[in-house]
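Undergrad: Got a structure here, written out as structure tokens. Questions coming.
Chains as they are written, first to last, in the working numbering: chain A, 1 to 200; chain B, 201 to 334.
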């Protein structure tokens, strides 16, 4: 994968998170502690700052670089969760991934997030987006990009009726029902942005 | 404020708030004294409420002894960030640092009390966790 593509993909994720920081913070204010957008924005601003150096590296190292920056800069629980995702993704991803290699790396990254958060799908978290997206990637087939994009956005929306079992929202129990999960929303935004940037 | 004593397990307090972390550390100092290496950290990198992996790593370093270090945390992000910090330690230290599932103030006081008597890392962690609501 060439440097310009790596730069475009990482920048797309960073820009969408920064552009939606207020929306994510507002979602988090409803069922969490109201810092998700601000924390993610801080992390991805740092990612943008180091982007020229990061994008110059092969894809595995570039992904690990993004992961380390998020771990160190985000602050909230989303730092280690997203950081772990990108670190694990970089560990498994080849520099020029096939669809199968991407699916495998994504699945490994999702497993790492489950371990870090001691969580799984169905608990109203980012995993409710990551797990179904991993399934679409693993199934493969034609028109993968648009299907991944649609799945991510729909899966985030599907967290609305869920009751939170992990994360700060779980303190609210039944009262978390009816609200979109901020972590699921940020995951969906980033996945959709990458699909758009690939031109899928 | 850290006095290193090879024989005692160190205690690290990680809160979303610097004031909570510092207050808990004050209580430990008053109740247990300063035989146990103690460090605290609170707040995110911008000084707001939150936790910071780099600051947690620095706190582990300040409280480090060969006997190991226990970490007491408050809410979710403090736990996740502390576990992340432990994983980022070099291999030799990683196995000697334990995040306790215990209330932060009571856990820190009990852990430090236990550590001041020279208990092992495993014992210090277990005693702190006995206070945890099951």
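Idealized CB from N, CA, C, for every residue including glycine. Source: prediction; values computed, not measured.
Give me whichever residues DSSP pairs with residue 240 of chain B in a beta bridge.
TA: One-based indexing of the second chain puts residue 240 of chain B at position 40. Beta-bridge pairing links residue 240 of chain B to B:213.
Undergrad: Pairing CB atoms from the stretch 298-316 of chain B with CB atoms from the stretch 235-244 of chain B, are three or more of them under 8 Å?
TA: Touching, per the Cβ criterion.
Undergrad: Below 7 Å between beta carbons is the criterion; list the residues of the stretch 145-174 of chain A that meet it against any residue of chain B, in chain order.
TA: Within the stretch 145-174 of chain A, the qualifying residues are 167 and 168.
Undergrad: Determine the direct distance from the alpha carbon of residue 107 of chain A to that of residue 93 of chain A, and round the result to whole angstroms.
TA: Position 93 of the first chain, counted from the start, is the residue given in the question as residue 93 of chain A. Position 107 of the first chain, counted from the start, is the residue given in the question as residue 107 of chain A. If I take the Cα positions, the gap works out to 11 Å.
Undergrad: Is it buried or exposed, residue 40 of chain A, if we count other Cβ atoms within 10 angstroms and call 16 or more buried?
TA: For the purposes of this step, residue 40 of chain A is taken as residue 40 along the first chain, with counting starting at 1. It counts as buried.
Undergrad: Span of the alpha helix (DSSP H) holding residue 74 of chain A?
TA: As a working mapping, residue 74 of chain A is identified with position 74 in the first chain. Unbroken run through residue 74 of chain A: none, as it is neither H nor E.
Undergrad: Quick check on the DSSP output: what are the complete alpha helix (DSSP H) runs of length 4 or more inside the stretch 2-77 of chain A, in order along the chain?
TA: List check, alpha helix (DSSP H) in window: 3-19, 21-31, 36-49, 51-55 and 59-73.
Undergrad: Measure the beta-carbon distance from residue 131 of chain A to residue 152 of chain A and round it to whole angstroms, keeping in mind my assumption that it falls under 8 Å.
TA: Against the first chain, residue 131 of chain A aligns to sequence position 131. Against the first chain, residue 152 of chain A aligns to sequence position 152. Not a contact, Cβ separation roughly 11 Å.
Undergrad: On the DSSP bridge list, what partners appear for residue 271 of chain B?
TA: The sequence position of residue 271 of chain B within the second chain is 71, counting from 1. Beta-bridge pairing links residue 271 of chain B to B:212 and B:299.
Undergrad: With the cut-off set at 9 Å, would you say residue 260 of chain B and residue 212 of chain B are in Cβ contact?
TA: Counting from 1 along the second chain, the entry for residue 260 of chain B is found at position 60. Counting from 1 along the second chain, the entry for residue 212 of chain B is found at position 12. For residue 260 of chain B and residue 212 of chain B, yes; Cβs fall inside 9 Å.
Undergrad: Under the assumption that residue 149 of chain A contacts residue 180 of chain A (Cβ atoms under 8 Å), give the Cβ distance between them as a whole number of angstroms.
TA: Stepping through the first chain from its first residue, residue 149 of chain A is reached at position 149. Stepping through the first chain from its first residue, residue 180 of chain A is reached at position 180. 17 Å between Cβ atoms; not a contact.
Undergrad: Could you give the residue range of the alpha helix (DSSP H) that holds residue 93 of chain A?
TA: In the first chain, residue 93 of chain A corresponds to position 93, counting from 1. Element bounds for residue 93 of chain A: n/a, residue is neither H nor E.
Undergrad: Looking only at C-alpha atoms, which of A:84, A:119, A:122 and A:123 sits nearest to residue 105 of chain A?
TA: Taking the first chain and counting its residues from 1, the one referred to as residue 105 of chain A is at position 105. Checked all of A:84, A:119, A:122 and A:123; the closest Cα to residue 105 of chain A is A:84.
Undergrad: Going by DSSP in three states, residue 229 of chain B sits in which element: helix, strand or coil?
TA: To locate residue 229 of chain B, count along the second chain from 1; it is residue 29. Correct three-state label for residue 229 of chain B: helix.
Undergrad: Pick out whichever of A:56, A:98, A:49 and A:120 has its Cα sitting closest to the Cα of residue 141 of chain A.
TA: Counted from its first residue, the first chain places residue 141 of chain A at position 141. Out of A:56, A:98, A:49 and A:120, A:98 has the C-alpha closest to the C-alpha of residue 141 of chain A.
Undergrad: Taking only beta-carbon positions, decide if residue 79 of chain A is within less than 9 Å of chain B.
TA: Counting from 1 along the first chain, the entry for residue 79 of chain A is found at position 79. It does; some Cβ of chain B falls within 9 Å.
Undergrad: Assign residue 204 of chain B to buried or exposed, taking buried as 16 or more other Cβ atoms, counted over all protein chains shown, within 10 Å of its Cβ.
TA: In the second chain, residue 204 of chain B corresponds to position 4, counting from 1. With a pLDDT of 46 at residue 204 of chain B, under the threshold of 50, the predicted position of this residue should be treated as unreliable, and no value is reported.
Undergrad: Helix, strand or coil, according to DSSP, for residue 166 of chain A in the structure here?
TA: In the first chain, residue 166 of chain A corresponds to position 166, counting from 1. Residue 166 of chain A falls in the coil class under three-state DSSP.
Undergrad: Nearest CA to the CA of residue 178 of chain A: which residue from A:192, A:167 and A:162?
TA: Position 178 of the first chain, counted from the first residue, corresponds to residue 178 of chain A. Minimum Cα distance to residue 178 of chain A is reached at A:162.
Undergrad: Counting only beta-carbon separations shorter than 9 Å, does residue 84 of chain A have a partner in chain B?
TA: Within the first chain, numbered from 1, the residue matching residue 84 of chain A stands at position 84. It does; some Cβ of chain B falls within 9 Å.
Undergrad: Just the Cα atoms here: how many angstroms apart are residue 187 of chain A and residue 6 of chain A?
TA: Locating residue 187 of chain A in the first chain gives position 187, counting from the first residue. Locating residue 6 of chain A in the first chain gives position 6, counting from the first residue. If I take the Cα positions, the gap works out to 19 Å.
Undergrad: How many whole angstroms separate the CB atoms of residue 251 of chain B and residue 216 of chain B, which I take to be in contact at a CB cut-off of 8 Å?
TA: Position 51 of the second chain, counting from 1, holds the residue named residue 251 of chain B. Position 16 of the second chain, counting from 1, holds the residue named residue 216 of chain B. The pair is a contact, with the Cβ atoms about 6 Å apart (cut-off 8 Å).
Undergrad: Of all the residues that make up the stretch 16-38 of chain A, which are near chain B by a beta-carbon distance shorter than 9 Å?
TA: So the close ones are 33, 35 and 38.
Undergrad: Is it the case that the stretch 56-75 of chain A contacts the stretch 22-42 of chain A, given that we only count it when at least three CB pairs across the two stretches are under 8 Å?
TA: With the cut-off at 8 Å, the stretch 22-42 of chain A and the stretch 56-75 of chain A touch.
Undergrad: Beta-carbon separation of residue 13 of chain A and residue 126 of chain A under 9 Å?
TA: In the first chain, residue 13 of chain A corresponds to position 13, counting from 1. In the first chain, residue 126 of chain A corresponds to position 126, counting from 1. Cβ distance not < 9 Å, so residue 13 of chain A and residue 126 of chain A don't count as in contact.
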